[in-house]
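J.: Chains as they are written, first to last, in the working numbering: chain G, 231 to 430; chain E, 231 to 430; chain P, 231 to 430. Every residue gets a Cβ at the ideal spot worked out from N, C-alpha and C, and that includes glycine. From a predicted model like this one, the values you see are computed outputs, not experimental measurements. Here it is, the structure in full.
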Amino acid sequence: MFYIIEILGTIAFAISGALTAMSKKMDPFGVFIIAFVTSVGGGTLRDVLIGRTPVGWMQNLIYVYLICFGFLLAVVFRKKLDRFRRSLFLFDTIGLGVFTLIGLEKGIETHLHPIICIALGTMTACFGGVVRDILCNEIPVIFRKEIYATICIAGGIVFFLLRETGIPKDWIYIITSGLIIVVRLTVVRYKLFLPPLEKN
Amino acid sequence: MFYIIEILGTIAFAISGALTAMSKKMDPFGVFIIAFVTSVGGGTLRDVLIGRTPVGWMQNLIYVYLICFGFLLAVVFRKKLDRFRRSLFLFDTIGLGVFTLIGLEKGIETHLHPIICIALGTMTACFGGVVRDILCNEIPVIFRKEIYATICIAGGIVFFLLRETGIPKDWIYIITSGLIIVVRLTVVRYKLFLPPLEKN
Amino acid sequence: MFYIIEILGTIAFAISGALTAMSKKMDPFGVFIIAFVTSVGGGTLRDVLIGRTPVGWMQNLIYVYLICFGFLLAVVFRKKLDRFRRSLFLFDTIGLGVFTLIGLEKGIETHLHPIICIALGTMTACFGGVVRDILCNEIPVIFRKEIYATICIAGGIVFFLLRETGIPKDWIYIITSGLIIVVRLTVVRYKLFLPPLEKN
Chain G
231 MFYIIEILGT
241 IAFAISGALT
251 AMSKKMDPFG
261 VFIIAFVTSV
271 GGGTLRDVLI
281 GRTPVGWMQN
291 LIYVYLICFG
301 FLLAVVFRKK
311 LDRFRRSLFL
321 FDTIGLGVFT
331 LIGLEKGIET
341 HLHPIICIAL
351 GTMTACFGGV
361 VRDILCNEIP
371 VIFRKEIYAT
381 ICIAGGIVFF
391 LLRETGIPKD
401 WIYIITSGLI
411 IVVRLTVVRY
421 KLFLPPLEKN
Chain E
231 MFYIIEILGT
241 IAFAISGALT
251 AMSKKMDPFG
261 VFIIAFVTSV
271 GGGTLRDVLI
281 GRTPVGWMQN
291 LIYVYLICFG
301 FLLAVVFRKK
311 LDRFRRSLFL
321 FDTIGLGVFT
331 LIGLEKGIET
341 HLHPIICIAL
351 GTMTACFGGV
361 VRDILCNEIP
371 VIFRKEIYAT
381 ICIAGGIVFF
391 LLRETGIPKD
401 WIYIITSGLI
411 IVVRLTVVRY
421 KLFLPPLEKN
Chain P
231 MFYIIEILGT
241 IAFAISGALT
251 AMSKKMDPFG
261 VFIIAFVTSV
271 GGGTLRDVLI
281 GRTPVGWMQN
291 LIYVYLICFG
301 FLLAVVFRKK
311 LDRFRRSLFL
321 FDTIGLGVFT
331 LIGLEKGIET
341 HLHPIICIAL
351 GTMTACFGGV
361 VRDILCNEIP
371 VIFRKEIYAT
381 ICIAGGIVFF
391 LLRETGIPKD
401 WIYIITSGLI
411 IVVRLTVVRY
421 KLFLPPLEKN
């Protein structure tokens, strides 16, 4: 089940990247690259920082195929995707939950401190969107508008608290990713966000 | 011969970076850094992603010297380089062909799948220009204007097809890089480009 | 003593990042991330390029704590920090000197050529500020305004010249970092800068 959700998340992230790039009038190659980095950017940064090379998507072609699929979907249905905005947002949110967990897992495998693991989880989930925005020449949306990364951090903290209780691993996964997904849906539904820190 | 062309490509990329940076009125240090990353950025990203560290230019100083040379050329002749625009463009195109092959080779050495090797070849040839544009605060030109990376991808595909035929390695190199160079010259000559993917 | 100064430098860099992010009206998470990358960005790039992974801040939590401290300082005193601008600038300059030395050391430990070591020192000291500016969507200040990196390069050259003379290591450290600090203070005091290289 975890695996299926990872697939959905990868595709959703690719579509989200492709849509952003198309709104910037990029050519097909540019759109593909933005879809690619949005989807695997977070995991790639994580792998590079902890030294797991060649990075993940080079060792398992499934990611390349999924991104091609998401890219084609986005291109073919680009005039109709506004209608699917809500489903897309749902997949994107699912991706957020799943990718956070994947990052946490890799950190634990590498025997890093829980704080670093939480940073890796957040990075895995969020960094693809940051690169997308930098390549499109915008201040990353994550730093401005939405309680996005903060939810991943909170999810990571819950994950480690649950681990102390001895609950079975599968349950911890389901609760943590479920929590991230539900909180994000709620936050966006009610337009909650962190106020900017202004100097004056 | 391959080696000489790599030298020309490295210098041409450095000059192209320096010219862009000077048009943004950067100071000499900024111009040097942009020349440097334009020239070795693609190979550096490739080495980091596949885990060949310390990265290439740290292990062989020839690159540093070539970039210094390209930088000095660009600075000294900055008011006259418009006249050499065509030779520069030729070197840049040669660099594109050669760097693609270098990236393909490194991927094969690391026993990666042909698709990943093609990605590495394209990255080696094109990523320096992407970083150059990001550091100069522009949407990378590669995503907007020119069939640049697409040619590298096509060259990579031809490379692997030729490998199946049993043609000697040297010939594969010459044919592939020649093809990339000829196609790019043709494309720019006749102003061919991929149309942007617009949403409306 | 070296260690205490590294602590001050880390905090000063974090505060400098946080202040820039707040002036861009980022939310608290964005401000924290910018503080983080400004502080450890240079060392992270260095570690990734030479293959020391997991990178430094993942193996020693002290950096995370110091950055949190700098972030909190910047947020709490954000309306009063203008008054401390000069002390901040002093810490930032101290950080510049110390981080250059740390980068030089890591390069020597990895048995790299002095030229590459100087590049690593400069990178360690300056790259955090480059990422900060890219994430805030500006042309990095280092490429435009100040003789910042050039001082680090000069410091690196002095470092290797002193090493030839057989002066004790501690003295080399003190002289090199002292030189970087004094030169930068002088340069900023008298508004010295490199003229932009213009094409026309």
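Closer than 9 Å, Cβ to any Cβ of chain E: which residues of the segment 240-255 of chain G, in chain order?
T.: Residues A248, L249, A251, M252, S253, K254, K255.
J.: Within the 8 Å Cβ cut-off, does P394 (chain G) reach chain P?
T.: Here residue 394 (chain G) refers to the residue found at position 164 when the first sequence is read from its first residue. The residue asked about is misnamed: residue 394 (chain G) is Glu in this sequence, not Pro. No - not a single Cβ of chain P is within 8 Å of the one on E394 (chain G).
J.: Determine, using beta carbons only, whether I280 (chain E) and T283 (chain G) come nearer to each other than 8 Å.
T.: For the purposes of this step, residue 280 (chain E) is taken as the residue at position 50 of the second sequence. For the purposes of this step, residue 283 (chain G) is taken as the residue at position 53 of the first sequence. Yes, these two residues count as a Cβ contact at 8 Å.
J.: On the three-state DSSP scale, how would you describe F266 (chain E)?
T.: Locating residue 266 (chain E) in the second sequence gives position 36, where the first residue counts as 1. It is helical.
J.: Please give the ranges of any alpha helix (DSSP H) in the segment 332-408 of chain P, keeping only runs that are unbroken, at least 4 residues long and fully inside the region.
T.: You should have 344-365, 379-395.
J.: Can you tell me the Cα-Cα spacing of I263 (chain E) and F321 (chain E), whole angstroms?
T.: Along the second sequence, one-based indexing puts residue 263 (chain E) at 33. Along the second sequence, one-based indexing puts residue 321 (chain E) at 91. Approximately 20 Å between the Cα atoms of the pair.
J.: So which residues on chain E does I345 (chain P) lean against when the C-beta distance must stay under 8 Å?
T.: Along the third sequence, read from residue 1 onward, the residue named residue 345 (chain P) stands at position 115. Result: L291, V294.
J.: Let me check understanding here. Comparing Cα to Cα, which of E:E236, E:P258, E:G408, E:L291 lies closest to I348 (chain P)?
T.: The residue given as residue 348 (chain P) occupies position 118 in the third sequence. Among E:E236, E:P258, E:G408, E:L291, the Cα nearest to that of I348 (chain P) is on E:L291.
J.: Could you please give the first and the last residue of the uninterrupted alpha helix (DSSP H) stretch that includes M288 (chain E)?
T.: Stepping through the second sequence from its first residue, residue 288 (chain E) is reached at position 58. Start and end: 286-289.
J.: Assuming F307 (chain E) is part of the alpha helix (DSSP H), what are its boundary residues?
T.: As a working note, residue 307 (chain E) is residue 77 in the second sequence. No alpha helix (DSSP H) contains F307 (chain E), which DSSP labels as neither H nor E.
J.: Does the beta carbon of L387 (chain E) sit closer than 8 Å to a beta carbon anywhere in chain G?
T.: On the second sequence, residue 387 (chain E) is found 157 positions in, with the first residue counted as 1. The sequence shown places Ile at residue 387 (chain E), rather than the Leu named in the question. No, its Cβ sits nowhere closer than 8 Å to a Cβ of chain G.
J.: Whole angstroms is fine: what's the gap from C356 (chain P)'s alpha carbon to F389 (chain P)'s?
T.: As a position in the third sequence, residue 356 (chain P) is number 126, starting the count at 1. As a position in the third sequence, residue 389 (chain P) is number 159, starting the count at 1. Computed Cα separation, rounded: 18 Å.
J.: What residues from the segment 328-355 of chain P come within 7 Å of chain E, judged by C-beta to C-beta, listed N to C?
T.: Taking 7 Å as the Cβ-Cβ cut-off against chain E, the residues of the segment 328-355 of chain P that qualify are T340, L342, H343, I345, I346.
J.: Are the beta-carbon atoms of R276 (chain G) and L350 (chain G) separated by less than 8 Å?
T.: Along the first sequence, one-based indexing puts residue 276 (chain G) at 46. Along the first sequence, one-based indexing puts residue 350 (chain G) at 120. Against a cut-off of 8 Å, the Cβ pair of L350 (chain G) and R276 (chain G) comes out as a contact.
J.: With DSSP run on the structure shown, which of helix, strand or coil describes R276 (chain G)?
T.: Here residue 276 (chain G) is taken as the residue at index 46 of the first sequence, counted from 1. The answer is helix: DSSP assigns R276 (chain G) an H, G or I state.
J.: Find out if the Cβ-Cβ distance for the pair L391 (chain P), I405 (chain P) is shorter than 8 Å.
T.: Sequence index remark: in the third sequence, residue 391 (chain P) carries index 161 (1-based). Sequence index remark: in the third sequence, residue 405 (chain P) carries index 175 (1-based). Not in contact: L391 (chain P) and I405 (chain P) (Cβ atoms no closer than 8 Å).
J.: Under 8 Å Cβ-Cβ, which residues of chain G neighbour L279 (chain E)?
T.: Numbered from 1 along the second sequence, position 49 holds the residue referred to as residue 279 (chain E). The answer, in chain order, is T274, V278, T283, P284, V285, M288.
J.: Have a look at V418 (chain P) and L409 (chain P) and give me their C-alpha separation to the nearest angstrom.
T.: One-based indexing of the third sequence puts residue 418 (chain P) at position 188. One-based indexing of the third sequence puts residue 409 (chain P) at position 179. Each residue's Cα considered, the two are about 14 Å apart.
J.: At a CB-CB cut-off below 8 Å, which residues of chain G make contact with A379 (chain E)?
T.: Counting from one through the second sequence, the residue named residue 379 (chain E) turns up at place 149. Within 8 Å Cβ-Cβ: F259, I263.
J.: Between the alpha carbons of W401 (chain P) and S269 (chain E), how many angstroms are there, rounded?
T.: Working through the third sequence from its first residue, we reach residue 401 (chain P) at position 171. Working through the second sequence from its first residue, we reach residue 269 (chain E) at position 39. Roughly 37 Å between the two C-alpha positions.
J.: Counting beta carbon pairs with one atom in the segment 332-339 of chain G and one in the segment 357-366 of chain G, are three or more of them shorter than 8 Å?
T.: Output reads no: the segment 332-339 of chain G does not touch the segment 357-366 of chain G.
J.: May I ask you to report which of helix, strand or coil DSSP gives G281 (chain P)?
T.: Within the third sequence, numbered from 1, the residue matching residue 281 (chain P) stands at position 51. In the structure shown, G281 (chain P) sits in coil (DSSP, three-state: anything other than H, G, I, E or B).
J.: Taking only three categories from DSSP, how would you classify M252 (chain G)?
T.: As a working note, residue 252 (chain G) is residue 22 in the first sequence. Reduced to three states, the DSSP call for M252 (chain G) is helix.
J.: Might you give, ordered along the chain, the residues of its own chain that have their beta carbon closer than 7 Å to the beta carbon of P344 (chain E), omitting 5 neighbours on each side?
T.: Counting from 1 along the second sequence, the entry for residue 344 (chain E) is found at position 114. Answer for P344 (chain E): F390, listed in chain order.
J.: What residues in its chain sit with their C-beta under 8 Å from that of I332 (chain G), if we drop five residues either side in the sequence?
T.: If you number the first sequence from 1, residue 332 (chain G) lands on position 102. Here the set comprises E236, G273, G351, T354.
J.: Taking the alpha carbon of N367 (chain E) as the reference point, which residue from E:M256, E:Y420, E:T240 has its own alpha carbon closest?
T.: Position 137 of the second sequence, counted from the first residue, corresponds to residue 367 (chain E). The residue with the shortest Cα to Cα distance from N367 (chain E) is E:M256.
J.: With 8 Å set as the bound, which would you pick, yes or no: does the beta-carbon of I364 (chain G) sit closer than that to a beta-carbon of chain E?
T.: Position 134 of the first sequence holds residue 364 (chain G). Yes, because at least one Cβ of chain E sits closer than 8 Å to the Cβ of I364 (chain G).
J.: Express the C-alpha separation of A265 (chain P) and I245 (chain P) in angstroms, rounding to a whole number.
T.: The residue given as residue 245 (chain P) occupies position 15 in the third sequence. The residue given as residue 265 (chain P) occupies position 35 in the third sequence. If I take the Cα positions, the gap works out to 6 Å.
J.: In angstroms with no decimal places, state the Cα-to-Cα distance between W287 (chain P) and I383 (chain G).
T.: Position 57 of the third sequence holds residue 287 (chain P). Position 153 of the first sequence holds residue 383 (chain G). Their Cα atoms are separated by approximately 18 Å.
J.: Within the same chain, show all residues whose beta-carbon is closer than 7 Å to that of F299 (chain G), passing over the 5 residues directly before and after it, in chain order.
T.: Counting from 1 along the first sequence, the entry for residue 299 (chain G) is found at position 69. Hits under 7 Å: I241.
J.: Rounded to whole angstroms, what is the Cα-Cα separation between L302 (chain P) and S253 (chain E)?
T.: The residue labelled residue 302 (chain P) in the question sits at position 72 within the third sequence. The residue labelled residue 253 (chain E) in the question sits at position 23 within the second sequence. Near 40 Å, if we compare the C-alpha coordinates of S253 (chain E) and L302 (chain P).
J.: Leaving out five residues before and five after V285 (chain P) in sequence, what residues of the same chain have Cβ atoms less than 6 Å from its Cβ?
T.: By one-based count along the third sequence, residue 285 (chain P) stands at place 55. T274, D277.
J.: Note down, in chain order, each residue of its chain lying with its Cβ closer than 7 Å to the Cβ of T250 (chain G), except the 5 sequence neighbours on either side.
T.: Translated into the one-based positions of the first sequence, residue 250 (chain G) becomes position 20. Answer for T250 (chain G): I264, R362, C366, listed in chain order.
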